[in-house]
Amino acid sequence: MKVVIIGGGPCGLGAAWRAEEIRRQGNSNVDWILVEESSNAGGLARTVVDEKGFLWDMGGHVIFSHYAYFTRLLDYLLPNPTDWNSKIREAWVWMRGTFIPYPLQQNLHRLPKHEIVACIEGLLENERRRSTFSKPVTFADWLDQSFGRGLCDVFMRPYNFKVWAYTPDKMNVEWMGERVATVNISRVIHNVILGQDEIGWGPNNTFRFPMKGGTGTIWRRLAEVLPQEKLKFSKQVTKIDVIQKMISFNDGSSESYDAIISTMPMNCLCQIIEGTTKITRSELLDKSKQFRYSSSHILGFGIEGQPPTHLNTKCWMYFPEDDCPFYRATLFSNYSPYHVPKPGEQWSLMCEVAESSDKPVDIDNIIAITEQGLKNTKLIDNDTKILSRFHIRLEYGYPTPFYGRDQLCTPLFEEFESHNIYSRGRFGSWKYEVSNQDHSMMLGVEAIDRIVFGTEELTHKYPDIVNAKRDNVGRVPFIPTQ
1 MKVVIIGGGP CGLGAAWRAE EIRRQGNSNV DWILVEESSN AGGLARTVVD EKGFLWDMGG
61 HVIFSHYAYF TRLLDYLLPN PTDWNSKIRE AWVWMRGTFI PYPLQQNLHR LPKHEIVACI
121 EGLLENERRR STFSKPVTFA DWLDQSFGRG LCDVFMRPYN FKVWAYTPDK MNVEWMGERV
181 ATVNISRVIH NVILGQDEIG WGPNNTFRFP MKGGTGTIWR RLAEVLPQEK LKFSKQVTKI
241 DVIQKMISFN DGSSESYDAI ISTMPMNCLC QIIEGTTKIT RSELLDKSKQ FRYSSSHILG
301 FGIEGQPPTH LNTKCWMYFP EDDCPFYRAT LFSNYSPYHV PKPGEQWSLM CEVAESSDKP
361 VDIDNIIAIT EQGLKNTKLI DNDTKILSRF HIRLEYGYPT PFYGRDQLCT PLFEEFESHN
421 IYSRGRFGSW KYEVSNQDHS MMLGVEAIDR IVFGTEELTH KYPDIVNAKR DNVGRVPFIP
481 TQ
């Protein structure tokens, strides 16, 4: 069984680890190679060091696990307590000229009084009308039914457009699961009356982070412990012939296969596959144009000194208003002091800006616009000495859970899998609900298990089950003896 793994991000590396694990356990009938178009491993979970020595992740990543397997593997890759920095999550919303603890709906007392009234009226009106609600069809429907007009006007609609780069009426309702904090009305009113904050909601209110090297150090380390001769970097797939079972590459070479795990964006996979049976090539090309995604601009600012007092313990902040282009800013130096070249003497802010055809970005001026946004939101001031300005645009940032996604993707999965091609990972599955690092790696692990043993892929097929609870005692990886 020869498996070709396309992509060296968390999903592809997870597949490679599991395939090699099976070989180490005595199943010599499994062979694999991994091809990656860039020159190194990590994909969207890599970390970049800029020319001034500041480290930047390709997004506001945190390490959080639904799987004992993922947790134990991280413990093997970074085994020392000093390899990790444990953090208590502090997430905030900047709006109306102040910072409000996240989630906003539990901390309405910090809003202007007329907006507090509008938000509570909307929640109460929803309770009166709840028996008349029909099942929500779009994310916009779900927001309206969950939060009411007031909260949607104040925060939900503007923020979700800013982060997704599409309006909620163009998105489905299948993706959410645990990712959107819902409302406990009694607690909302309780907190408003007492003027009381509620801090720390969320499935990842504590997390750990690599002490050195950023998120990318995890995936570089995983690549290092795999057989190096099986990792093929700077190699781009240009065609997959499902009849000949042959993959062609940009360097003119080719590779036969029995099965493929592809982590490339699903729309790109549609464009390079030839020989499918139930879906013609012209139909695949047409379907490839129907996918929706947002591009990400990662903007980093390395700063002299130490952060101001009001930022000292914050992890990340959300920004729904138009006073800045970014929807999220991460105090990246709070994750580890080693994200700056001179720990104790410098700090850093990392901002994310979403782009789509519905939400264009002024790329030529994005650094200056973002810097002004940092001043508008009181993250820095005119006296702040910026030592480094970093910007990278990621064409594929987030897979949009667009309305009609599952109806588009399901027949494609079936067609590809009938030819032993498994499209998996953040953009391979196109399921934002299982696109964290732990999910992505396990999508690769479970795909190998399906190919070799015929077992069911829980993460790919049942995201709600996976996200409903933490697996702290399940299967663990086979760790080779030193």
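The sequence shown begins at 1 in full-length UniProt numbering and counts up by one. Glycine included, C-beta positions come from ideal geometry on N, C-alpha and C. Just so it is clear, the structure is predicted and the values come from calculations on it, not from any experiment.
| query | result |
| --- | --- |
| Using a Cβ-Cβ cutoff of less than 7 Å, which residues in the same chain neighbour Ser348 once the five nearest sequence positions on both sides are dropped? | Phe54, Gly300, Phe301, Gly302, Ile303, Phe332, Ser333, His339, Val340 |
| Pull up the CB-CB distance for Ile185 and Val4, whole angstroms please, since I reckon it's below 8 Å. | Not quite, the Cβ-Cβ distance comes to about 53 Å (not below 8 Å), so this is no contact. |
| Report the three-state DSSP secondary structure of Ala354 (helix, strand or coil). | strand |
| Return the first residue and the last residue of the beta strand (DSSP E) that Leu111 is part of. | Element bounds for Leu111: n/a, residue is neither H nor E. |
| Let's test the definition: count the other Cβ atoms within 10 Å of the Cβ of Ser262 and tell me whether it reaches 16, buried, or not, exposed. | buried |
| Looking only at C-alpha atoms, which of Trp430, Gly404, Val188, Arg96 sits nearest to Thr138? | Gly404 |
| Is the region 204 to 219 close to the region 76 to 85, with three or more CB pairs under 8 Å? | yes |
| Please report the distance separating the alpha-carbon of Phe133 from that of Asn126. | 9 Å |
| Could you check whether Met350 and Trp94 sit closer than 8 Å to each other, using their CB atoms as the reference points? | no |
| With a threshold of 8 Å, are at least 3 pairs of Cβ atoms found where one atom belongs to the region 433 to 442 and the other to the region 406 to 422? | no |
| Looking at C-alpha atoms only, which residue of Val445, Lys469, Phe147, Asn472 is the closest neighbour of Gly12? | Val445 |
| Assign Gln482 to one of two classes, buried (16 or more other C-beta atoms within 10 Å of its C-beta) or exposed (fewer than that). | In this prediction, Gln482 has a pLDDT of 47, which is less than 50 and means its spatial position is unreliable; what the coordinates show is noted afterwards. The residue is exposed, with fewer than 16 neighbouring Cβ atoms inside 10 Å. |
| Please classify Val35: does DSSP put it in a helix, a strand, or coil? | strand |
| Taking a contact to mean a Cβ-Cβ separation below 8 Å, would you say Phe396 touches Ala354 in this structure? | The sequence given here places Tyr at residue 396; Phe does not occur at that position. No, the pair does not count as a contact, with Cβ atoms beyond the cut-off. |
| Among Leu226, Gly216, Lys359, which has the Cα closest to the Cα of Ile63? | Gly216 |
| Helix, strand or coil, according to DSSP, for Ser288 in the structure here? | helix |
| Could you tell me the alpha carbon to alpha carbon distance between Ser28 and Gln290, rounded to whole angstroms? | 41 Å |
| Once you ignore the five residues that flank Ala447 on each side, which residues in its own chain have a CB closer than 7 Å to its CB? | Ala15, Ile261, Tyr422, Arg424, Glu457 |
| Quick one: complete beta strand (DSSP E) runs, 3+ long, within the region 321 to 365? | 328 to 330, 346 to 355 |
| Beta carbon of Glu115: closer than 7 Å to some heavy atom of the ligand SAM? | Questions concerning the ligand SAM fall outside what the structure shown contains, since it holds no ligand whatsoever. |
| Evaluate contact between the region 218 to 227 and the region 188 to 201, counting only Cβ atoms and requiring at least three cross-stretch pairs below 8 Å. | no |
| For Leu77, which three-state DSSP category applies? | helix |
| Kindly provide the ranges of any alpha helix (DSSP H) runs that are 4 or more residues long and lie completely inside the region 132 to 187, ordered along the chain. | 139 to 151, 157 to 164 |
| Compare the beta carbon distance of Val35 and Val237 with 8 Å and say whether it is the shorter of the two. | yes |
| What three-state label does DSSP hand Ser418 in the structure shown? | helix |
| Is the beta carbon of Val476 sitting closer than 8 Å to the one on Ala19? | no |
| Taking only the alpha-carbon atoms, compute the straight-line gap between Ser288 and Glu115 and give it to the nearest angstrom. | 43 Å |
| Measuring only the C-alpha atoms, how far is Leu379 from Glu21? | 46 Å |
| Would you say Lys245 and Ile272 are within 8 Å of each other, going by their C-beta atoms? | no |
| Quick one: measure Cβ to Cβ for Thr89 and Cys315, integer angstroms, because I've assumed they're closer than 8 Å. | Per the sequence presented here, residue 89 reads as Arg, with Thr not at that position. The Cβ separation is near 5 Å, so the contact holds. |
| Cα separation between Ser388 and Cys409? | 42 Å |
| CB His297 to CB Val361, shorter than 8 Å? | yes |
| Could you tell me the alpha carbon to alpha carbon distance between Asp358 and Lys170, rounded to whole angstroms? | 11 Å |
| Our contact map puts Trp92 next to Pro101 with C-beta atoms below 8 Å; I'd like the distance itself, whole angstroms only. | 6 Å |
| Looking at the unbroken alpha helix (DSSP H) that takes in Met442, where does it start and where does it end? | 437 to 453 |
| Pick out the complete beta strand (DSSP E) segments inside the region 187 to 269, 3 residues or longer, and give them in chain order. | 206 to 210, 231 to 233, 237 to 241, 246 to 249, 254 to 256, 259 to 262 |
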